[in-house]
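According to the numbering used here, the stretch in the sequence shown is residues 3 to 299, in order. A short write-up of the structure that comes next.
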Amino acid sequence: MALQGNIPVIPTPFLNGEVDYAAFDRLLAYTLDSVDGYVACGSTGEAPALTAQERIEIVRYLSERMPAGKELVVGLGHTNLKEAIELGKAAADCGVRAALAPSPYYFPNSLKMVAEYMTALAEGTGLELVFYDNPVTTKTLFSTGDLLQLAEDVPFITAIKMTDHNLGKVRELKAHSDLTVFGGDDIICFRSFEAGVDGSMIIAPIIFPEAFRDSWKAYRSGDRTESYRIFSRTLLPFIHMFGPGDEIPTTKALFHKLGLFSSAETRLPLLPADAKRIGELMLGYEAGKSGLLSLGV
């Protein structure tokens with residue numbers, strides 16, 4: 003079965019500098035019934051600030067808690083191919099079948115470089131790859147033609163996570179390939195629905211899990227009006243206030259406020275959200291919560 007649906011990216015909780023596994027349990031209890039899986043150790047999970055062993059342990063811990071029908075996707079963003087393969091192999095040993103893989107950051111990538119890298123990553127791990135098209139953080143901009151060529155050159159690539167705001171690329175990918183396409187940025191989430199995505203890999207589904215699920219289901223069933231009614235009353239106020247640019251600290255601050263995380267800790271170079279940002283964040287969250295009540299959700 004093809005990977006699809008709402009597979010949110012999740013932050014890594016810390017307490018006194020260490021990974022807080024009990025907070026993962028609380029987050030899963032809050033969200034699991036309303037999502038199709040999770041992406042662990044992605045950029046939202048502060049993967050560059052995690053040790054290789056921490057990444058393996060997080061994937062192992064979460065994979066043991068995934069019930070049948072829920073997918074755990076492992077983030078394999080790295081500049082070290084050998085370590086990325088070791089992490090992917092460890093994830094595969096835990097039953098994970100897919101990885102989210104961006105172009106290696108820092109390097110001035112060409113299409114050929116990325117194709118060679120993705121081929122080595124796929125062959126070394128045996129995992130399906132969701133290629134992460136993220137021009138902002140990877141400094142690598144691919145056209146639709148480039149992405150189609152990449153998927154042809156690397157058959158292990160079965161899906162694309164699209165953070166690029168050029169939504170025409172989503173439409174073109176769906177028109178000219180069998181690739182699964184995931185929306186990858188909260189701020190253009192509903193417009194990604196309109197462009198034809200097969201699901202989302204963003205943060206919003208773990209903020210208001212039931213509302214996001216219901217909005218997506220309504221959209222997929224053809225009721226755009228109901229879908230947007232739910233989305234605009236609950237998700238949109240929060241999405242407008244929690245980013246862009248500092249989504250990780252603000253999401254952690256919210257989860258700390260809600261009692262899901264024991265702290266709002268981040269790892270350097272990220273800094274925790276300050277009091278002003280938390281005030282803005284809670285304004286958006288409370289507006290969304292009021293929207294939930296008005297919808298009877």
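Idealized CB from N, CA, C, for every residue including glycine.
When DSSP assignments are scanned along the region 174 to 228, the uninterrupted stretches of beta strand (DSSP E) that are 3 or more residues long and fall wholly within it turn out to be 182 to 185. Annotation note: the region 240 to 274 contains no uninterrupted beta strand (DSSP E) run of length 3 or greater.
In this structure, the CA atom of residue 33 is about 36 angstroms from the CA atom of residue 109. Non-local C-beta neighbours of residue 25 in its own chain, meaning closer than 8 angstroms and more than five positions away in sequence, comprise 15, 17, 257, 262, 263 and 264, ordered along the chain.
As for any alpha helix (DSSP H) of minimum length 4 sitting wholly inside the region 3 to 52, the runs are 23 to 33, ordered along the chain. One Cα belongs to residue 142, the other to residue 149, and the distance between them is close to 12 angstroms.
In terms of Cα proximity to residue 53, the closest of 71, 130 and 82 is 82.
The alpha helix (DSSP H) runs lying completely inside the region 134 to 170 and spanning 4 residues or more are 137 to 140 and 146 to 155, given in chain order. Just measuring C-alpha positions, the residue of 211, 199, 220 and 91 sitting nearest residue 59 is 91. In the three-state reduction of the DSSP assignment, residue 132 falls in the strand class. In the structure shown, residue 70 adopts coil according to DSSP, grouped into three states.
Taking C-beta separations shorter than 7 angstroms and ignoring five residues to either side along the sequence, the partners of residue 221 in its chain run 195 and 229, following chain order. When only Cα atoms are considered, residue 204 and residue 250 end up about 11 angstroms apart.
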